[in-house]
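These protein sequence lines are chains A and B, in that order.
When we follow the numbering used here, the leftmost residue of the first sequence carries the number 490, and every step to the right adds one.
When we follow the numbering used here, the leftmost residue of the second sequence carries the number 490, and every step to the right adds one.
Each residue gets a CB set at the ideal place from its N, CA and C atoms; glycine is no exception.
Source: prediction; values computed, not measured.
To keep things clear, I will list the structure first and then write my remarks on it.
Number of protein chains: 2
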Amino acid sequence: MSKQTANPDRISDAEQAVMEALWTRSPLTAAEVADTVGEDRGWSLATVKTLLSRLVGKNAIAAEPDGRRFLYSPVIARADFVGHESRRLVDRLFGGKAASLFAHLAEAEALSDTDIEEIEVLLRELRK
Amino acid sequence: MSKQTANPDRISDAEQAVMEALWTRSPLTAAEVADTVGEDRGWSLATVKTLLSRLVGKNAIAAEPDGRRFLYSPVIARADFVGHESRRLVDRLFGGKAASLFAHLAEAEALSDTDIEEIEVLLRELRK
DNA sequence: TCGAAACGATTACGAGTGTAAACAGTGGAC
DNA sequence: GTCCACTGTTTACACTCGTAATCGTTTCGA
Numbered sequence: 490m491s492k493q494t495a496n497p498d499r500i501s502d503a504e505q506a507v508m509e510a511l512w513t514r515s516p517l518t519a520a521e522v523a524d525t526v527g528e529d530r531g532w533s534l535a536t537v538k539t540l541l542s543r544l545v546g547k548n549a550i551a552a553e554p555d556g557r558r559f560l561y562s563p564v565i566a567r568a569d570f571v572g573h574e575s576r577r578l579v580d581r582l583f584g585g586k587a588a589s590l591f592a593h594l595a596e597a598e599a600l601s602d603t604d605i606e607e608i609e610v611l612l613r614e615l616r617k
Numbered sequence: 490m491s492k493q494t495a496n497p498d499r500i501s502d503a504e505q506a507v508m509e510a511l512w513t514r515s516p517l518t519a520a521e522v523a524d525t526v527g528e529d530r531g532w533s534l535a536t537v538k539t540l541l542s543r544l545v546g547k548n549a550i551a552a553e554p555d556g557r558r559f560l561y562s563p564v565i566a567r568a569d570f571v572g573h574e575s576r577r578l579v580d581r582l583f584g585g586k587a588a589s590l591f592a593h594l595a596e597a598e599a600l601s602d603t604d605i606e607e608i609e610v611l612l613r614e615l616r617k
């Protein structure tokens, strides 16, 4: 009672790769996902099928029957996932303060000139 | 060949809690860490000892002998850890673009007014 | 009609994690 | 001098993750 309780159905790295494929285009069959994802990751079809099953188990994707196979589609939106993970990071590392994350990025020179410009634009938007 | 190869000595959530204690004050004995951390997390001394051992194994902390016990201190700095994890998130979710992370936070209304003000100040600094 | 290909489901297995109990050595109190 | 408390080390165990192989079924081509 603890890892899965504290960690309810977190999407793992490998699983995320599969999600990315489905966020890009869906629905897809297992074979199609494997074609897309397995390519760069060097995964076998079997591996992709396992990941798909696990994602279905986590209710992250839905499997709609289509003849004797399934068509998979995301259930959770990418924006939600991204939001969840971002918040998690901000909470874990910056005491929940998003500005601290920003300060860190600035200090670590992790912000390119382009980044800074874009953020300025966004800020002007926000200030309106 | 893959999880530990792709994931060389990552610091886990539970381990991070121990690190936080040591980043706050160090060196500490195992018992002291347990007093600090075990309290809120409800961990037994045994659990804390295990985590300390694993962290030593990962070269994240150092154990200096002090009589018949050890004094533990961080080897990696919090800023480095935070930097690493932040970059990891930006890479995984925002294609490496920090500005995208910022845009997401803005859009998700994860930025408080205070956050925005602070960021503006930081930006002015950066522009100099 | 018969065998091969294609599918999902089941099983596998080592590494990492969360959480701890059991064990062994030792130094201090009495 | 003996025993207890404390310390690090070893072992444990269930669960997740990465990565598949195998199995059972079904369908399509020959």
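### Query
Using 8 Å as the threshold, is the stretch 562-578 of chain B in touch with the stretch 522-536 of chain B, meaning 3 or more CB pairs across them?
Cβ pair count under 8 Å is below three, so no.
### Query
With distances taken between CB atoms, is the gap from residue 519 (chain A) to residue 561 (chain A) smaller than 9 Å?
The answer is yes: Cβ separation under 9 Å.
### Query
Going straight from the alpha carbon of residue 511 (chain A) to that of residue 566 (chain A), what length do you get?
Cα to Cα, residue 511 (chain A) sits roughly 10 Å from residue 566 (chain A).
### Query
How big is the Cα-Cα spacing for residue 575 (chain B) and residue 501 (chain B)?
In this structure, the CA atom of residue 575 (chain B) is about 15 Å from the CA atom of residue 501 (chain B).
### Query
So is residue 534 (chain B) buried or exposed if we call it buried at 16+ other beta carbons inside 10 Å?
When all chains shown are included, residue 534 (chain B) counts as exposed.
### Query
Going by beta carbon distance, what residues of the same chain come within less than 8 Å of residue 552 (chain A), once the five residues before and after it are set aside?
For residue 552 (chain A), where only same-chain residues beyond five positions count, the Cβ hits under 8 Å are 541, 545, 559, 560, 561.
### Query
For residue 578 (chain A) versus residue 578 (chain B), is the C-beta distance shorter than 9 Å?
Cβ atoms of residue 578 (chain A) and residue 578 (chain B): closer than 9 Å.
### Query
By the 10 Å Cβ neighbour count, where 16 or more other Cβ atoms means buried, how is residue 563 (chain A) classified, buried or exposed?
Flag for residue 563 (chain A) reads buried.
### Task
Could you tell me which chain B residues have their CB closer than 7 Å to the CB of residue 566 (chain A), listed as they occur along the chain?
Residues of chain B passing the Cβ test: none, with the nearest at roughly 12 Å.
#### Entry: Per-residue DSSP class, three states only, for residue 492 (chain B)
Residue placement at residue 492 (chain B) is poorly supported in this model, since its pLDDT is 42, which falls under 50; the coordinates are not used for a value here.
### Query
For residue 540 (chain A), does the three-state DSSP call read helix, strand or coil?
Per DSSP, reduced to three states, the secondary structure at residue 540 (chain A) is helical.
### Message
With distance defined between alpha-carbon atoms, name the residue in B:509, B:539, B:616, B:506 nearest to residue 603 (chain A).
### Response
Answer by Cα proximity: B:616.
### Message
Taking 9 Å as the threshold (beta carbon to beta carbon), is residue 537 (chain A) in contact with chain B?
### Response
At a cut-off of 9 Å between beta-carbon atoms, residue 537 (chain A) makes no contact with chain B.
### Query
What three-state label does DSSP hand residue 555 (chain B) in the structure shown?
In the structure shown, residue 555 (chain B) sits in a strand (DSSP, three-state: E or B).
### Task
Show which residues of chain B have a CB atom less than 8 Å away from the CB atom of residue 527 (chain A).
Within 8 Å Cβ-Cβ: nothing; residue 527 (chain A) doesn't reach chain B, min ~14 Å.
### Query
What's the call for residue 537 (chain A), buried or exposed, on a 16-neighbour Cβ count within 10 Å?
Buried, by the Cβ-count rule.
### Task
Between the Cα of residue 585 (chain B) and those of A:585, A:516, A:594, spot the shortest distance and give me the residue it belongs to.
Closest option to residue 585 (chain B), judged by alpha-carbon separation, among A:585, A:516, A:594: A:594.
### Query
In chain order, what residues of the same chain lie with their CB nearer than 7 Å to the CB of residue 483 (chain A), ignoring the 5 residues before and after it?
This structure cannot settle anything about residue 483 (chain A), because the visible part of chain A is limited to 490 through 617.
### Query
By the criterion of Cβ-Cβ separation under 7 Å, what are the contact partners of residue 620 (chain B) in chain A?
Not covered by the structure: residue 620 (chain B). The range shown for chain B is 490 to 617.
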